[in-house]
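So the sequence shown is numbered by the numbering used here: it starts at 31 and just counts up by one.
Remarks on the structure that follows.
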Amino acid sequence: ARFPHVLCVHGGIVHFVDDSYVDTVRGIGYKDVTTYCVAPITNEASNETLSDYSFWAVGIGCCTGYPADFDCGDVLTSTTTGAMRWLDEDSMANLRTAVRMAEAEFDIVATNPIFYEWLDDPEGALHELVVARTMTLVGWAIAAFFFVLFAACCAVQCFFSKRYL
Numbered sequence: 031a032r033f034p035h036v037l038c039v040h041g042g043i044v045h046f047v048d049d050s051y052v053d054t055v056r057g058i059g060y061k062d063v064t065t066y067c068v069a070p071i072t073n074e075a076s077n078e079t080l081s082d083y084s085f086w087a088v089g090i091g092c093c094t095g096y097p098a099d100f101d102c103g104d105v106l107t108s109t110t111t112g113a114m115r116w117l118d119e120d121s122m123a124n125l126r127t128a129v130r131m132a133e134a135e136f137d138i139v140a141t142n143p144i145f146y147e148w149l150d151d152p153e154g155a156l157h158e159l160v161v162a163r164t165m166t167l168v169g170w171a172i173a174a175f176f177f178v179l180f181a182a183c184c185a186v187q188c189f190f191s192k193r194y195l
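Laid out in structure tokens, this is it:
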């Protein structure tokens with residue numbers, strides 16, 4: 031298998047094998063107003079440096095930016111092996127810059143980095159995200175309904191007030 035430390039990929043959620051972990055020693059951050067933090071995801075079986083680090087745990091504002099400082103998501107929970115695909119497109123360029131910094135600092139390679147938020151319960155986090163986005167959609171739909179209702183009332187009022195003058 032190309033990625034022996036990946037147990038199961040299901041959409042935006044990944045479950046890594048039990049001995050997988052975030053290599054916080056190779057964590058680093060890129061500062062651009064805020065700090066964009068990255069650390070490679072690896073496993074115990076790969077004691078030596080991998081030829082290519084494809085999977086990266088990421089976060090915003092959860093590290094100082096200095097090497098070997100990464101405290102994002104549930105990285106401190108030793109039993110965590112789950113992750114959710116990072117969905118914030120606006121931060122991707124800065125995260126890629128942080129990965130390039132990690133490549134230079136630790137003499138590693140990340141040809142096509144894939145970003146994940148390291149979570150103890152990625153399914154729960156995805157559910158919360160779906161609920162939040164659904165509530166936003168419902169809120170905007172209700173606002174649009176009342177705007178159209180108000181516009182219709184104004185049009186009716188305008189129509190009848192000019193007709194009987």
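Just so you know, even glycine gets a beta-carbon here, dropped at the ideal spot from N, CA and C.
In the DSSP assignment, find the unbroken beta strand (DSSP E) run with LEU149 in it and report its ends.
144-149
Sequence-distant residues of the same chain with beta carbon closer than 8 angstroms to ILE43, five excluded per side
GLY112, ALA113, MET114, ARG115, PRO152, GLU153, LEU156
Under the three-state DSSP convention, the category VAL63 falls into
coil
Rounded C-alpha distance that separates CYS92 from THR72:
20 angstroms
Kindly say whether ILE43, judged by its beta-carbon, lies nearer than 8 angstroms to any beta-carbon of chain B.
Chain labels in this structure do not include chain B; a single protein chain is all it has.
ILE138, DSSP secondary structure in three states:
coil
Buried or exposed, going by whether 16 or more other CB atoms sit within 10 Å of the CB of THR110?
buried
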